[in-house]
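Below, the structure is given as structure tokens:
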């Protein structure tokens, strides 16, 4: 693993490297199969247009989000792409045994050498009862003590370096470094770099202290973005992974040829979020359904606040706001996530942004 496997390069006139976060959203009237096919198309399209990396997120018990199994989806995407980096944004570490994650991402690394990122989150990616079902316990461990210990265990499995006397010293994540020490063994020089994800200061400080790259969820925690990035940079200690901080931010963005259509799609996505936040998760509604929906005063206040942080409209408005956001935050990379009921509009948005920044065609 090298710094080059973490740091991206800005292309064209973009203010920073541009990447993709895909939730594999499922719209009303469509199936999960449709959503996954769109993900393949989007991964191939953004690879061809110079986007740096493509991440999928782990969510559970949400009908409108089909990204419950990042490792499975990434394996599928690796078969349809050749050079774009692929990763998790992220795997929710407390939901899984560290050894299982090390095995899954070791397998992905074997499938796509030098292209895999392992982004880790501390939240469950779902509600409490679902998290309990995933973890087979009613006690959810997400505290300051548990996550660093889980992270340390996962890192040791990836590096195969438990010390002598440790109960896991003779347990090995395969594929992994143990294969290089076996008779006749040859091992890939690559190991998936670990990223820490966060929406507050906890992971920002931990990533800085450990010298790891950091990804902040600006797309749903915009008020905390600058404080978290400042904390990350202040806490940063050089490591074997990075000699200087490297932070990306997730940005909700939708560019359209018709700015009115962009606003219709964003309103529908906001209705979906209202339902999720009030315990009624469902498929992403159509714009027509959102237009007919009678928002309460409280719901209207919520969507106005939510949509204020969604970069959307015509391409000039979108690029102006992206430029300003990068300048204000100093983000080293912008990871765009696009929510729309219409899959073609999602694909078109990434193409419009690539064209506006003169990203190369491959």
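Numbering (this note's numbering), first residue to last: 216 to 577. Note that CB positions come from ideal geometry on N, CA and C, so glycine has one too.
Determine the direct distance from the alpha carbon of residue 478 to that of residue 577, and round the result to whole angstroms.
The count along the chain shown starts at 1 and reaches residue 577 at position 362. The count along the chain shown starts at 1 and reaches residue 478 at position 263. Approximately 31 Å, taken between the alpha carbons.
Verify whether the separation of the beta carbon atoms of residue 462 and residue 444 is less than 8 Å.
By one-based count along the chain shown, residue 462 stands at place 247. By one-based count along the chain shown, residue 444 stands at place 229. The answer is yes: Cβ separation under 8 Å.
Grab the span of the beta strand (DSSP E) containing residue 219 for me, first residue to last.
One-based indexing of the chain shown puts residue 219 at position 4. Going by DSSP, residue 219 is part of no beta strand (DSSP E) at all; its letter is neither H nor E.
Quick one: Cα of residue 503 to Cα of residue 486, how far?
Here residue 503 refers to the residue found at position 288 when the chain shown is read from its first residue. Here residue 486 refers to the residue found at position 271 when the chain shown is read from its first residue. The alpha-carbon atoms of residue 503 and residue 486 are separated by roughly 11 Å.
So within the segment 251-305, which uninterrupted alpha helix (DSSP H) runs reach at least 4 residues, ignoring any that extend past its ends?
285-293
Pair within 8 Å by beta-carbon distance, residue 285 and residue 241:
Taking the chain shown and counting its residues from 1, one reaches residue 285 at position 70. Taking the chain shown and counting its residues from 1, one reaches residue 241 at position 26. Not closer than 8 Å, so no.
Look at the Cβ atom of residue 160, then the Cβ atom of residue 365, and state whether they are nearer than 8 Å.
Beyond the ends of the chain as shown, which are 216 and 577, falls residue 160; an answer cannot be given.
Going by the DSSP bridge assignment, what does residue 441 pair with across the sheet?
For the purposes of this step, residue 441 is taken as residue 226 along the chain shown, with counting starting at 1. Paired residues: none, contrary to the question.
Would you check if the distance between the CB atom of residue 289 and the CB atom of residue 335 is smaller than 8 Å?
Here the question's residue 289 lines up with position 74 in the chain shown. Here the question's residue 335 lines up with position 120 in the chain shown. One thing to note: residue 289 has its Cβ no nearer than 8 Å to the Cβ of residue 335.
DSSP three-state label for residue 234, please.
Locating residue 234 in the chain shown gives position 19, counting from the first residue. In the structure shown, residue 234 sits in a strand (DSSP, three-state: E or B).
Terminal residues of the beta strand (DSSP E) in which residue 519 lies
Locating residue 519 in the chain shown gives position 304, counting from the first residue. Per DSSP, residue 519 belongs to no beta strand (DSSP E); it is in the alpha helix (DSSP H), 512-523.
Hey, could you find the ends of the beta strand (DSSP E) residue 466 is sitting in?
As a first step, residue 466 must be located in the chain shown, where it is residue number 251. Residues 462-470.
Coarse secondary structure for residue 364, derived from DSSP in three states
For the purposes of this step, residue 364 is identified with residue 149 of the chain shown, where counting begins at 1. Helix, per DSSP.
Which residue from 233, 222, 226 and 492 puts its Cα closest to that of residue 540?
The residue labelled residue 540 in the question sits at position 325 within the chain shown. For the residues 233, 222, 226 and 492, the minimum Cα distance to residue 540 belongs to 233.
Between 459, 370, 471 and 556, which lies nearest to residue 497 when the distance is taken from Cα to Cα?
In the chain shown, the residue the question calls residue 497 occupies position 282. Nearest Cα to residue 497 within the set 459, 370, 471 and 556: 556.
CB contact flag (residue 437, residue 465, <8 Å)
Taking the first residue of the chain shown as 1, we reach residue 437 at position 222. Taking the first residue of the chain shown as 1, we reach residue 465 at position 250. No; because the gap between Cβ atoms is not below 8 Å, this pair is not in contact.
Just checking residue 396 against the ligand ATP - is the residue's beta carbon closer than 7 Å to any of the ligand's heavy atoms?
Looking at this structure, you won't find the ligand ATP or any other ligand, since it has none at all.
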